[in-house]
Amino acid sequence: MELILLIVIFLLILIYGFYKAQIKGIIGEKTVSSILDFLDKSEYKVIHNVVLQRGEVTTQIDHIVISSFGIFVIETKNYKGWIVGYEKSEYWTQVIYKYRSKFYNPIFQNAGHIRTLKTCLNEYRNLEYISIVVFSINAKIKIDTSVDVVNMHRLLKTIKKYSNVNLSEEAKKSIFEKINASNLVDSFKKKEHNNSIKKRISDREKAIQEKKCPRCGNSLVERKGEFGIFFGCRSYPKCKFTKKKLSYKRQA
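One point on numbering: in our numbering, the residue at position 144 of the sequence shown is 1561, and numbering is uninterrupted.
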């Protein structure tokens, strides 16, 4: 009996190790979902786990909150430790003692979500989209940014600080119905989505190697800034894509 129990525990540890990132992500999303349930339902309409398609690309959005004050698009990162980076840097770093791990800038990630959502809601003009990146309460956020990057316990306060009314009740209801109608979550296939992400990353790196902006397709030009030489999009300030020269050379 003890041997069987040990085998079961060992298998559970193996499964957890293999799916650790996915499990942590699910826990983080569920926690944020529970927090958002405290919003006044007569004022805020919440949709969780939204999958939208733009062309051949699928986008998964953790949470969308529709309110009189704008459309909140929320990206959840259930990371702990120090979170270090800059608003416009391509990658941020998670630091736990001597352990360091890089991950794609979630501000950029959420900006992509918003672009897809804008396509879905293209008949609604002048909507205000508000990006919020949420980390666990165990994360120490060391990011200097104008975009809201907060711990979970500050999420409601962050949402409620927006008070300028720009959406009518009728528009809120219509937008809520349009997003739900466009949501492909029931037919969503995670493997295909992951392959789509890999393709986007590959296409992005290929464009950079060819000195093309991966966001708008314009050419990249060498510029000098406060932190040294970098490559920027020729169509700046309309497109604000940048890439450090050192990173660019490594990819060439």
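By construction, the Cβ of each residue, glycine as well, lies at the ideal position given by its N, Cα and C atoms.
Listed in chain order, the non-local C-beta contacts of K1577 below 7 Å within the same chain number zero, local neighbours out to five positions each way being set aside. DSSP places G1472 outside both helix and strand once states are collapsed to three, so it counts as coil. Looking at the DSSP output, Q1511 shares a beta bridge with I1500, S1518. A Cβ-Cβ contact shorter than 8 Å links I1452 with M1569. For the 8 Å CB-CB criterion, Y1503 and D1454 do not form a contact.
Where C1537 is concerned, there is no enclosing beta strand (DSSP E), although the alpha helix (DSSP H) around it starts and stops at 1523-1537. The C-alpha of V1567 is placed about 22 Å away from the C-alpha of L1534.
Taken through DSSP and simplified to helix, strand or coil, V1602 comes out as helix. Of the candidates V1501, F1520, L1573, L1538, L1538 places its Cα closest to the Cα of R1471.
Between the beta-carbon of V1550 and that of F1486 there is about 18 Å, and that puts the pair past the 8 Å contact cut. In this structure, I1483 lies away from K1458, with their beta-carbon atoms at least 8 Å apart.
By the neighbour-count definition (other C-beta atoms within 10 Å, threshold 16), N1543 is an exposed residue.
The alpha-carbon of I1625 is positioned some 44 Å away from that of E1587. Cβ-Cβ distances below 8 Å link S1580 to F1486 in the same chain, with the five nearest sequence neighbours on each side left out; the list follows chain order. It is roughly 24 Å from the alpha-carbon of N1635 to the alpha-carbon of T1475. Of the residues assessed, N1522 falls on the buried side of the cut-off, its CB having 16 or more other CB atoms within 10 angstroms.
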